[in-house]
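A quick write-up on the structure given underneath.
Put into structure tokens, the structure is as follows:
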């Protein structure tokens with residue numbers, strides 16, 4: 307996930323530059339090159355990872371310690387040279403830590419925003435989560451099933467006469483059909499199952515089969531009997547067992563392509 311750190315780096319570079327200039331005149335001419343070297347290292351910390359900046363900072367600590375021992379003194383009577391020289395080796399680590407903190411905070415913010423956007427992606431009719439949330443939750447669902455040693459299945463339910471429904475019926479009747487379909491599916495699902503509304507006429511079930519590895523056959527049979535009561539809808543069902551870990555959403559849908567479809571016609575009064 308790309309995070310724009312340029313503004314943070316520019317601010318840190320500006321502050322470091324001002325610090326360098328403000329203390330430059332306090333040092334003796336012989337000490338100024340070393341000051342510039344350390345200030346440059348502090349600026350370099352804005353583009354370094356914390357571990358690399360720490361190595362650079364500790365290297366400067368050793369360098370300055372040796373320098374002070376050899377020279378004996380910096381020649382600054384008020385001691386400002388000692389103070390600033392001893393503090394500056396830590397600047398690469400501090401500037402790098404600030405940038406890294408901003409990076410992590412912004413990454414978390416963007417990730418949270420992405421999750422919130424996906425959660426808000428509910429079908430306006432059925433109020434079911436859409437394809438974005440399905441893709442986001444698949445790894446979590448897979449991990450939970452794998453940890454419990456449960457089998458999984460996928461069932462796709464498609465309104466095959468959706469175009470005809472849109473031509474023959476008004477919006478209220480179309481919505482009533484989709485809501486009836488949602489309620490019929492929900493009635494056959496357990497609390498650990500997931501129901502997603504991928505597109506206008508396409509719903510997807512991710513079912514927790516427990517330890518019944520052929521449970522998808524039973525689930526399909528129950529759904530086929532239940533869905534005949536959905537008014538006006540001609541439905542196509544495809545179902546298959548899934549191997550853990552689950553693939554991504556495209557892989558889950560691809561696993562259904564070779565499965566022969568089951569057709570459900572509205573029965574009795576449901577056809578009117």
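Numbering (the numbering used here), first residue to last: 307 to 578.
The C-beta atom is built at its ideal place from N, Cα and C for all residues, glycine as well.
Three-state secondary structure (DSSP) of residue i
| i | result |
| --- | --- |
| residue 474 | helix |
| residue 428 | strand |
| residue 499 | coil |
| residue 546 | strand |
| residue 253 | Nothing about residue 253 can be reported from this structure: the residues present for the chain run from 307 to 578 only. |
| residue 355 | coil |
| residue 482 | helix |
| residue 433 | coil |
| residue 385 | In this prediction, residue 385 has a pLDDT of 45, which is less than 50 and means its spatial position is unreliable; nothing more can be read from the coordinates. |
Opposing strand residues paired with residue i [DSSP bridges]
| i | result |
| --- | --- |
| residue 541 | 465 and 570 |
| residue 514 | 458 |
| residue 508 | 464 and 505 |
Own chain partners of residue i with C-beta closer than 8 Å, once the 5 adjacent residues on each side are dropped
| i | result |
| --- | --- |
| residue 495 | 501, 511 and 513 |
| residue 319 | 349 and 352 |
| residue 315 | 352, 353 and 405 |
Chain-order list of residues whose beta-carbon lies under 6 Å from that of residue i (same chain, five-residue window excluded)
| i | result |
| --- | --- |
| residue 324 | none |
| residue 509 | 463 and 503 |
Enclosing alpha helix (DSSP H) for residue i [first to last residue]
| i | result |
| --- | --- |
| residue 452 | 437–454 |
| residue 532 | 521–532 |
| residue 558 | 555–560 |
Close beta carbons around residue i, own chain, < 7 Å, minus the five adjacent residues each side
| i | result |
| --- | --- |
| residue 311 | 405, 408 and 409 |
| residue 546 | 459, 460, 522, 561, 562 and 565 |
Chain B within 7 Å of residue i, Cβ atoms only
| i | result |
| --- | --- |
| residue 531 | Among the protein chains of the structure shown there is no chain B, as only one such chain exists. |
Three or more C-beta pairs below 8 Å linking the region 440–451 and the region 549–567: yes
Tell me, please, whether the region 529–549 touches the region 484–491 by the rule of three or more beta-carbon pairs shorter than 8 Å. yes
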